[in-house]
Amino acid sequence: MASSITVSEFARVGAHSHIRGLGLKDGRALMNADGMVGQIKAREAAGIIVELIKEGKMAGRGILLAGPPGTGKTAIAVAIAKELGEDVPFIAIAGSEIYSSELKKTEVLMQAMRKSIGIRIHEFRKIYEGMVEKLEIKMTKHPYNPYQQVPESARIKLKTKSEVKTLTAGSSIATEIISKGIGEGDVIWIDAETGRITKVGKCREYEGEKYDIEAENLVSMPEGSVLKEREFVYTVTLHDLDVRMQSRSGGIFSLLFGGREEKEIPPDIRQEVDNLVKKWVDEGRAEIIPGVMFIDEASALDIEAFSFLSRAMESELSPIIILATNRGVTKIRGTDIEAPHGIPLDVLDRLLIITTTKYNEEEIKEILKIRSKEENVKINEEALDKLTKIGVETSLRYAVQMLTPAYVIAKRKGKNEVEVEEIEEIRKLFSDIKQSTRYLKEHEEEMLR
Ligand SMILES: Nc1ncnc2c1ncn2[C@@H]1O[C@H](COP(=O)(O)OP(=O)(O)OP(=O)(O)O)[C@@H](O)[C@H]1O
Ligand SMILES: [Mg+2]
1 MASSITVSEF ARVGAHSHIR GLGLKDGRAL MNADGMVGQI KAREAAGIIV ELIKEGKMAG
61 RGILLAGPPG TGKTAIAVAI AKELGEDVPF IAIAGSEIYS SELKKTEVLM QAMRKSIGIR
121 IHEFRKIYEG MVEKLEIKMT KHPYNPYQQV PESARIKLKT KSEVKTLTAG SSIATEIISK
181 GIGEGDVIWI DAETGRITKV GKCREYEGEK YDIEAENLVS MPEGSVLKER EFVYTVTLHD
241 LDVRMQSRSG GIFSLLFGGR EEKEIPPDIR QEVDNLVKKW VDEGRAEIIP GVMFIDEASA
301 LDIEAFSFLS RAMESELSPI IILATNRGVT KIRGTDIEAP HGIPLDVLDR LLIITTTKYN
361 EEEIKEILKI RSKEENVKIN EEALDKLTKI GVETSLRYAV QMLTPAYVIA KRKGKNEVEV
421 EEIEEIRKLF SDIKQSTRYL KEHEEEMLR
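Using the numbering used here, the first residue of the sequence shown is number 1, and each one after it goes up by one.
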């Protein structure tokens, strides 16, 4: 699904690139740390949420970040993602993204939800592991093309610290060895069952020709016998498993008829995956890692989406749902009912609410400083004060957005830093929301409708 993005992509979203975490120390928010300024209570509350998530005590619950525009709701969600680290899935979508033309909105939500639940799988596999001490590949004529040579078989001498073993393998392994560029001195794994080969790296103890050694991943000579059972641990999401299960059950049809690619995943496929995962968990082969599904601009969700979410929160396999909104009391989309934040009361009832409040002058100034560094904008003290004042009168976001254009103008004038003059100029060029609304009101008659 193209509409959702993963943690790393989410973190790259320019406006929040300066956020590295919640800036907490022993649970207390520092005034200015990890790129975060002020908003102390909200950050500390978010810190508790992060702890609960890490301890697995938040599954099936929800959080609402509520506050006026530009008060750091999205920034705090980014910080939560950073604090959770790479191991915990974090999926971010905007409420309006569920209205895609290809998929039902509940399907978009369902997929996002299942992408935010990780399954850590422990798999024991028999593998041959060792350093390739000697490699002989026998080539033969291609059956249809006498001018081409193809690999027919391979003799691989694998060495560990305590054993040397020579394996003979057929053409498919020989081909894989060639295509993966495996040579003497490489440490490899060969899956005993499937024959799949993994190149682990170059062996540090290899005595032969040492070419290009810097460019490669250096590893030690494996220990123990060549044939061994090894535990592999990897994390996939429920959605990954859904997709795989689906392609297994319906793939051949699209091969034969070029049939339409099934984008929606039928409920029975998901049920099958859930059963499989439960079985793995019971057998001790897998753990469930509930991650986070973050829905920004939650007021764009409609009543159907909300009822889907409240049902989802009840289900056994559910991520932590974080919503953000800047709306006060407003209509629930798709109805005429007014509700706080435009969120139905039964959903609201399940949410822990974190509110964010407007920044004071000092905080705005600190955030502007951080952003100017982040955007490589040089600005003098006086101009920064001026911009801070503008931020207080209009909004933090408006002030942040003025940094780069002001710098462009300064450079055009041959200056290497922004001065008050450029701030004033930019202020005239770009309207803030209040100005543009006023303008619209005054000139309503002349505008297209
Ligand atoms: N406490 C903070 N510390 C550092 N930067 C912040 C802080 N709060 C907000 N910012 C930055 O200010 C800008 C606006 O904040 P953000 O987008 O998070 O607001 P928001 O509450 O999500 O607003 P909206 O309701 O319009 O979505 C962003 O660039 C954000 O990274
Ligand atoms: Mg936001």
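Positions of the beta carbon are idealized from the N, C-alpha and C atoms, including for glycine.
Within its chain, find whatever has a CB closer than 7 Å to the CB of residue i; leave out the 5 residues flanking it on each side and keep chain order.
i	result
Ile455	Nothing about residue 455 can be reported from this structure: the residues present for the chain run from 1 to 449 only.
Glu366	Asn32, Val37
Arg43	Leu22, Gly23, Leu24, Ala29, Met36, Ile76
Val347	Phe306, Leu309, Ser310
Glu361	Thr388, Val392
Ile364	Thr388, Gly391, Val392, Leu396, Ala399
Ile269	Asp242, Met245, Gln246, Ser249
Glu442	none
Val377	Leu403, Thr404, Tyr407, Val418
Lys263	Glu102, Leu103
Arg371	His18, Val400, Leu403
Leu429	none
Should residue i be counted as a contact of ligand 2 given a C-beta to heavy atom distance under 7 Å?
i	result
Thr74	yes
Asp186	no
Ala324	yes
Asp296	yes
Going by alpha carbons, who is nearest to residue i out of the options?
i	options	result
Gly72	Arg397, Lys411, Phe430	Arg397
Val329	Ser318, Lys263, Ala339	Ala339
Asp87	Ala94, Arg61, Gly56	Gly56
Asp186	Val164, Thr404, Ser220	Ser220
Ser315	Arg61, Gly85, Ile40, Asp34	Arg61
Lys373	Glu424, Leu403, Glu419, Thr140	Leu403
Glu421	Ser395, Glu381, Ile322	Glu381
Glu375	Ile156, Ile343, Val400	Val400
Glu283	Ser100, Glu123, Arg114	Glu123
Thr74	Met58, Glu287, Ile322, Ile53	Ile322
Pro266	Thr394, Lys378, Met110	Met110
Ile80	Arg114, Glu424, Lys54, Lys413	Lys54
Quick check: the Cα distance between residue i and residue j, rounded to an integer number of angstroms?
i	j	result
Gly334	Leu387	40 Å
Thr160	Cys203	11 Å
Lys331	Ala324	16 Å
Pro384	Glu107	The residue asked about is misnamed: residue 384 is Leu in this sequence, not Pro. In a straight line, the C-alpha of Leu384 is about 47 Å away from that of Glu107.
Gln271	Ile303	25 Å
Ser17	Asn416	23 Å
Glu419	Ile433	24 Å
His142	Glu193	27 Å
Ser3	Lys358	In this prediction, Ser3 has a pLDDT of 40, which is less than 50 and means its spatial position is unreliable; what the coordinates show is noted afterwards. Roughly 30 Å between the two C-alpha positions.
Leu440	Met447	8 Å
Glu438	Lys41	It should be noted that the sequence gives Arg, not Glu, for residue 438. The straight-line gap from Cα to Cα measures roughly 35 Å.
Is it true that the CB of residue j sits closer than 8 Å to the CB of residue i?
i	j	result
Met245	Ala112	no
Ile409	Ile390	no
Ile182	Ile188	yes
Ile289	Thr355	no
Ala218	Gly201	According to the sequence shown, residue 218 is Leu rather than Ala. Yes, they are a contact pair.
Leu238	Leu317	yes
Glu176	Glu133	no
Ala15	Ala300	no
Pro89	Asn326	no
Leu227	Lys126	yes
Ser172	Gly224	no
Gly130	Ser153	no
Thr166	Ile178	no
Ala92	Asp296	yes
Met58	Ile320	yes
Ala483	Ile117	Outside the shown range of the chain (1 to 449) lies residue 483, about which nothing can therefore be said.
Ala174	Pro146	no
Tyr128	Leu158	yes
For residue i, decide whether its Cβ has a neighbour in chain C, counting only Cβ atoms nearer than 8 Å.
i	result
Val418	Going by chain labels, chain C is absent from the structure shown, which holds only one protein chain.
Using a Cβ-Cβ cutoff of less than 6 Å, which residues in the same chain neighbour residue i once the five nearest sequence positions on both sides are dropped?
i	result
Glu83	Gly21, Leu22, Val50
Thr198	Trp189
Gln148	His142
Ser96	Ala300
What does a CB cutoff of less than 8 Å around residue i pick up in its chain, not counting 5 residues either side in sequence?
i	result
Leu241	Ile119, Val273, Leu276, Val277
Asp349	none
His341	Leu64, Ala66, Ala298, Ser299, Thr325, Arg327, Gly328, Val329, Thr330, Leu348
Leu135	Ala154, Arg155, Ile156, Lys157, Ile177, Ile182, Gly183, Glu184
At a cut-off of 7 Å, would you count residue i as near ligand 1, judging by its Cβ distance to the nearest heavy atom?
i	result
Val400	yes
Ala15	yes
Ile409	no
Arg20	no
Val418	no
Leu24	no
Pro69	yes
Ser35	As written in the sequence, residue 35 is Gly, which differs from the Ser given in the question. Gly35 Cβ: within cutoff of ligand 1.
Is residue i near ligand 3, with its Cβ less than 7 Å from a heavy atom?
i	result
Leu64	As presented, the structure is devoid of ligand 3, carrying ligand 1 and ligand 2 as its sole ligands.
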